[in-house]
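Residues in the first sequence are numbered consecutively from 53, following the working numbering.
By construction, the Cβ of each residue, glycine as well, lies at the ideal position given by its N, Cα and C atoms.
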Amino acid sequence: MGSVEQLHETVRDAAATLVGDSAVARAVKLERPPRAELGDYSTNAALLLAPKLGLPPRDVAQTLAIELGSRLGSVLARTEVAGPGFLNLFLSDQWLAAALGGVLEAGDRFGAAEKAAAARIDVEFVSANPTGPLHIGHARGAAYGDALSRLLAFRGFEITREFYINDYGSQVRKLGESVAAIARGEPVASDGYHGDYVATLVPAERALQLDIDELSREALAACLEQIRASLERFGVRFDVWFSERSLHESGAVERVLERLAANGESYRSEGALWLRTSTHGDDKDRVLERSDGDTTYFASDIAYLEDKRSRGFDRMIYVWGSDHHGYEARMKSACAALGGDPETVELIALQFVHLVGGGGARVAMSKREGEYVTLDELVEQVGVDAARYFLLARSHDTTVELDSDLAVSRSADNPVYYVQYAHARIASLLAKLGSDRVEEALGEVAPVPSLHPSERALLKRLLAFPADLEDAAERRAPHRVATAVLDIAQQFTAFYRDCHVVGAKPRASESLRIALALATQRTLAISLGLLGVSAPDRM
RNA sequence: GCCCUCGUAGUCCAAUGGACAAGACGGCCGCCUCCUAAGCGGCAAAUCCAGGUUCGACUCCUGGCGGGGGCACCA
53 MGSVEQLHET VRDAAATLVG DSAVARAVKL ERPPRAELGD YSTNAALLLA PKLGLPPRDV
113 AQTLAIELGS RLGSVLARTE VAGPGFLNLF LSDQWLAAAL GGVLEAGDRF GAAEKAAAAR
173 IDVEFVSANP TGPLHIGHAR GAAYGDALSR LLAFRGFEIT REFYINDYGS QVRKLGESVA
233 AIARGEPVAS DGYHGDYVAT LVPAERALQL DIDELSREAL AACLEQIRAS LERFGVRFDV
293 WFSERSLHES GAVERVLERL AANGESYRSE GALWLRTSTH GDDKDRVLER SDGDTTYFAS
353 DIAYLEDKRS RGFDRMIYVW GSDHHGYEAR MKSACAALGG DPETVELIAL QFVHLVGGGG
413 ARVAMSKREG EYVTLDELVE QVGVDAARYF LLARSHDTTV ELDSDLAVSR SADNPVYYVQ
473 YAHARIASLL AKLGSDRVEE ALGEVAPVPS LHPSERALLK RLLAFPADLE DAAERRAPHR
533 VATAVLDIAQ QFTAFYRDCH VVGAKPRASE SLRIALALAT QRTLAISLGL LGVSAPDRM
């Protein structure tokens, strides 16, 4: 009986015994009450069981308390029935000490999960057009996709991170033409690419020697390399860089169109080839091949999806901008048309990052005007840690406001420093004690006569961490990790204020506090690691 | 017009059916002979509107209002 999960299971079992129905019991929750005086944990079991039993919820809670008392014995210090029928549980210090032991035993895997079912997941993110530098919106996609990948990997999934390179359409030639124009000292066409970066892609003398196809390819490769380097500096790496062009050159697009036709999923009309996505829940059918014979972007997407499927992924996650959320239905439809389960395709639409100027006025981000903040600028100005935390602290479905003028000063206010500071403080504290004393303390974790409320609060906060990660992973919500780590740092700071560690009497109390500090440090480091933020020992 | 999404303190935002809505910034008042003041304590301040479901709603449903996005044989 050393973990919250086991405690939860016991509560479920007790509830199932009362009602004789395990289905209802599965919905029983074990929660942390909003205030410490309401107990260490509480359960809503009685509120759920009361209608089944035809009894008042508070009476059911009382019966449940007796049942739990006999199952838990001395683990349960006392119970209270509260409000409409909550049962509040007060746990013994023995249980808490044992739970801390469990945290220490887990080490840097605290909160991790064993290999999950349907474990292989492909996460595609960023996938920016390789025709210009990454901007702030891509930064959000990069931070999110990377943090989600780290989180899912920690929770037992086998993750492949993938970047889809749009190197096939007309924009490639436009990039080449823009480079050529600059090399010749001519103005760039109005629909070309205008940023200063264009001149840096291919040296002018070389640009003048190449034909437009070669030049376009070289310019694109150079641009892609800049993107890769920017992401690397931001702490983001990909396992697979997948070329759209390769899907055409290998015949994969052609093959998938043939296959869809053979399955009766496509038809010709008005000179074009259409996919029957509407039979799989889309609003209307979509064009695969235009009447001029060119295949559409959608056709490439399907060939790419089929390639992913053939590589054996159980699930394909696409992290796209919110301007693509209308694509969800057609991508799921395409999966169904290929004979797959549409539920294995998951689209996550990230809301935009809005740039706001000094007066709070919204600034339009336009590549044409050069009015945008690049990922490189963001990293240069606020640093990787502050940038990543800022972008990851918000839910993916809320728009983020970024004040361009305050980007630098805002960094000092970033809560990430508060978290890092707590981590550094613990490192300093443990260094002061010496590794021998810390080692000894870990072997001496035992119940102490009376835990200080701040010790208790910090420990319970740590114990909630695995469930935080489980929720965050299930909901694809790495911002919950950011929320949790800040909360843990705050609980630690309160503990640090109230409970002197070095020299605490009796020795058992000092040992427990050392163990608690170490467990906190590890939890902070794990969380920061999942966010891609460093955990410094000194600040 | 239709579809999706979001509306929470002055500002940025958390809370996906639980108890008195969390935190940060900004504001006001206080705190370094004390394991890091990048810190600590205190005060003021919020669920867009109207119905509904529920023992219980920021959360779910209906209808409004407001912001953003999408409704191509563009990529």
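Could you tell me the boundaries of the alpha helix (DSSP H) in which residue i lies?
i	result
Val127	From DSSP, Val127 is part of no alpha helix (DSSP H); its letter is neither H nor E.
Arg289	Where Arg289 is concerned, there is no enclosing alpha helix (DSSP H), given that its DSSP letter is neither H nor E.
Met591	Per DSSP, Met591 belongs to no alpha helix (DSSP H) and is neither H nor E.
Pro518	517-526
Asp265	264-285
Glu89	Neither: Glu89 is in no alpha helix (DSSP H) and is coded neither H nor E.
Ala355	349-362
Lys484	467-485
Arg78	74-78
Arg258	256-261
Lys384	380-389
Tyr18	A query on residue 18 cannot be resolved here, the shown segment of the chain reaching from 53 to 591 and no further.
With residue i and residue j assumed to form a contact (beta carbons below 8 Å), what rounded beta-carbon distance in angstroms separates them?
i	j	result
Ala129	Ala97	Not really, about 19 Å apart at Cβ, beyond 8 Å.
Ile234	Glu296	About 26 Å separates the two Cβ atoms, so there is no contact after all.
His475	Ala569	The pair is not a contact, with the Cβ atoms about 11 Å apart (cut-off 8 Å).
Val63	Thr95	5 Å
His187	Leu427	7 Å
Leu503	Thr572	15 Å between Cβ atoms; not a contact.
Ala117	Leu139	6 Å
Val71	Leu101	5 Å
Leu444	Leu580	Wrong, their Cβ atoms sit about 11 Å apart, outside the cutoff.
Pro182	Leu253	With 8 Å as the limit, Pro182 and Leu253 do not qualify as a contact, their Cβ atoms being about 10 Å apart.
Arg172	Gly364	6 Å
Arg532	Asp520	6 Å
Pro530	Tyr319	Not quite, the Cβ-Cβ distance comes to about 42 Å (not below 8 Å), so this is no contact.
His376	Ala401	7 Å
Ala191	Ala232	Not quite, the Cβ-Cβ distance comes to about 30 Å (not below 8 Å), so this is no contact.
If you follow the beta strand (DSSP E) that residue i is in, where does it begin and where does it stop?
i	result
Phe142	138-143
Arg440	First-last for Arg440: 427-444, but that is the alpha helix (DSSP H), not the beta strand (DSSP E).
Glu341	338-341
Val231	First-last for Val231: 222-235, but that is the alpha helix (DSSP H), not the beta strand (DSSP E).
Tyr93	93-95
Ser295	292-295
Which residue from the options puts its Cα closest to that of residue i?
i	options	result
Glu176	Asp160, Gly184, His187, Gly193	Gly193
Tyr473	Leu430, Pro588, Ala516, Gly486	Pro588
Pro499	Glu562, Arg549, Phe547	Glu562
Val250	Ser268, Leu521, Arg328, Ala534	Ser268
Gln58	Arg110, Leu120, Pro85, Leu116	Leu120
Thr347	Arg363, Leu327, Asp334	Leu327
Leu485	Glu432, Gly555, Asp523, Leu262	Gly555
Leu399	Leu407, Arg367, Val405, Thr426	Arg367
Ser586	Ala113, Tyr470, Leu390	Tyr470
Gly189	Ala386, His377, Phe209, Leu454	Leu454
Asp145	Pro505, Asp550, Phe404, Arg590	Pro505
Trp293	Lys360, Pro467, Val224, Phe350	Lys360
Val537	Gly391, Thr575, Ala525	Thr575
Asp465	Glu89, Thr450, Asp437, His448	Asp437
Pro558	Glu496, Ile478, Pro255, Ala256	Glu496
Gly373	Ala314, Leu299, Ala75, Thr450	Thr450
His300	Ala274, Asp65, Gly221	Gly221
Pro103	Arg87, Gly125, Ala77	Ala77
Ile566	Arg590, Val397, Glu526, Arg477	Arg477
Val80	Ala88, Tyr93, Glu89, Arg87	Tyr93
Glu83	Leu276, Ala388, Leu141	Leu141
Gly244	Arg462, Glu229, Ala168	Glu229
Could you tell me which residues DSSP pairs with residue i in its beta bridges?
i	result
His406	Glu453
Arg213	Val175
Trp326	Tyr319, Val339
Arg367	Ile173
His187	Thr426
Glu132	Asn140
Ile400	Val371
Leu511	None; Leu511 has no bridge partner.
Leu82	Thr95
Cβ contact (3+ pairs, closer than 8 Å) linking the region 163-178 and the region 190-206: yes
contact_flag[the region 150-167, the region 500-517] where n(CB pairs < 8 Å) is 3 or more: yes
Cβ contact check for the region 354-366 and the region 304-311: 3 or more pairs under 8 Å: Segments in contact, yes.
Inter-stretch contact (C-beta, 8 Å, three-pair minimum) for the region 281-289 and the region 226-242: Touching, no.
The region 313-326 / the region 336-347 touching (three or more Cβ pairs under 8 Å): yes
At least 3 beta-carbon pairs within less than 8 Å: the region 105-117 vs the region 533-544: Judged by Cβ distances under 8 Å, the region 105-117 makes no contact with the region 533-544, as fewer than three pairs qualify.
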